[in-house]
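First the structure, in the form of structure tokens, and then the observations on it.
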Amino acid sequence: MTRILVVDDEPQILRALRINLAARRYEVEAVADGSSALRAAADWRPDVVLLDLGLPDMDGVDVIHGLRGWSSMPILVLSGRTATTDKIAALDAGADDYVTKPFGIDELLARVRAVTRRAAIQAHELASVKIGDHVVDMTSKTISGGLRLTPTEWHLLEILVRNPGKLISQRHLLAEVWGRTHVKETNYLRQYMAQLRKKLEPDPSHPVHLVTEPGMGYRFTP
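Listed below in structure tokens is the structure:
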């Protein structure tokens with residue numbers, strides 16, 4: 312059963328979504344503020360988060376940043392904000408989709424099915440990848456040959472591998488792995504990327520999988 316965490320400070324919306332989602336055999340947890348959302352996500356590990364942006368204790372974009380610091384779970388924003396800048400801010404923070412209030416339940420359910428389907432396909436396709444002479448299993452976090460990575464190395468590698476071919480900025484990687492207060496500590500990235508290359512690349516001095524885009528960021532090339 313798919314688990315859905317609903318985050319909204321409007322009791323009527325929480326009640327309506329709980330009833331409609333449960334009727335369609337989703338398992339639902341509902342909370343009314345950002346702090347509760349972050350705790351529930353960490354404790355309950357939902358498959359999808361439905362998130363309002365206008366929460367009483369923090370902005371929904373900050374909740375997205377908090378979730379993306381450790382999870383790739385699909386996040387579908389439900390918001391009364393219609394400005395393009397709000398949508399861009401939510402999507403840039405890591406939201407997977409954006410639905411403007413008021414919304415139809417059928418459209419919302421279609422969006423939920425779409426994001427869960429994409430997540431399932433992505434998880435299947437990226438369950439394991441080959442980097443140099445090593446097979447990296449992203450699900451069990453194991454590497455052929457008994458090679459070991461630190462938790463920070465795994466976190467950094469997972470972000471890159473789950474975005475094959477995509478340039479990931481230094482700022483984004485630093486915020487995701489070390490937090491938003493460390494976005495200028497580029498020396499962290501240089502150190503850990505060097506460690507990953509030494510462990511995974513056939514020739515660490517000439518990497519072909521964990522590639523640097525000078526002054527911009529890093530890219531994983533399968």
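Counting in the numbering used here, the sequence shown runs from 312 upward without gaps. Think of the CB as a built atom: it goes at the ideal place given N, C-alpha and C, for glycine as much as any other residue.
Inter-segment contact for the region 498-507 and the region 404-421 is absent: fewer than three beta-carbon pairs are separated by less than 8 Å. L511 counts as buried, since no fewer than 16 other beta carbons sit within 10 angstroms of its beta carbon.
When beta bridges are read from the DSSP output, L389 appears opposite V410. Contact between A343 and D319 holds: CB atoms are separated by about 7 Å, below the 8 Å threshold. DSSP places E338 within a strand segment (E or B) once states are collapsed to three.
Under the DSSP assignment, L511 falls in the alpha helix (DSSP H) whose first and last residues are 497-511. Taking 8 Å as the cut-off, the beta carbon of D407 is found no closer than this to the beta carbon of L389. No Cβ-Cβ contact shorter than 8 Å links V446 with P533.
Taking one beta carbon from each stretch, the region 384-398 and the region 421-431 have 3 or more pairs nearer than 8 Å; the two touch. In the three-state reduction of the DSSP assignment, T532 falls in the coil class, being assigned neither a helical nor a strand state. Taking every protein chain shown into account, the CB of D397 has 16 or more other CB atoms within 10 angstroms, so this residue is buried.
Residue nearest to N474 within the set G528, S516, G456, T492 is G528 (criterion: CA-CA distance). By the Cβ neighbour-count rule, H520 is buried, with 16 or more other Cβ atoms within 10 Å of its own. With contacts defined as CB atoms closer than 8 Å, P367 and I315 fail to qualify as a contacting pair.
Contact check for A438 against T450 passes: the beta carbons are separated by less than 8 Å.
With contacts defined by Cβ atoms closer than 8 Å, L419 and L468 do not form a contacting pair. Beta-bridge annotation (DSSP): K441 is paired with V446. Residue pairing by DSSP places T453 opposite D448 in a beta bridge. In this structure, G405 lies near I375, with their beta-carbon atoms less than 8 Å apart. At the C-beta level, E338 and T313 come within 8 Å of one another. DSSP places L468 in the helix class (H, G or I) of the three-state scheme.
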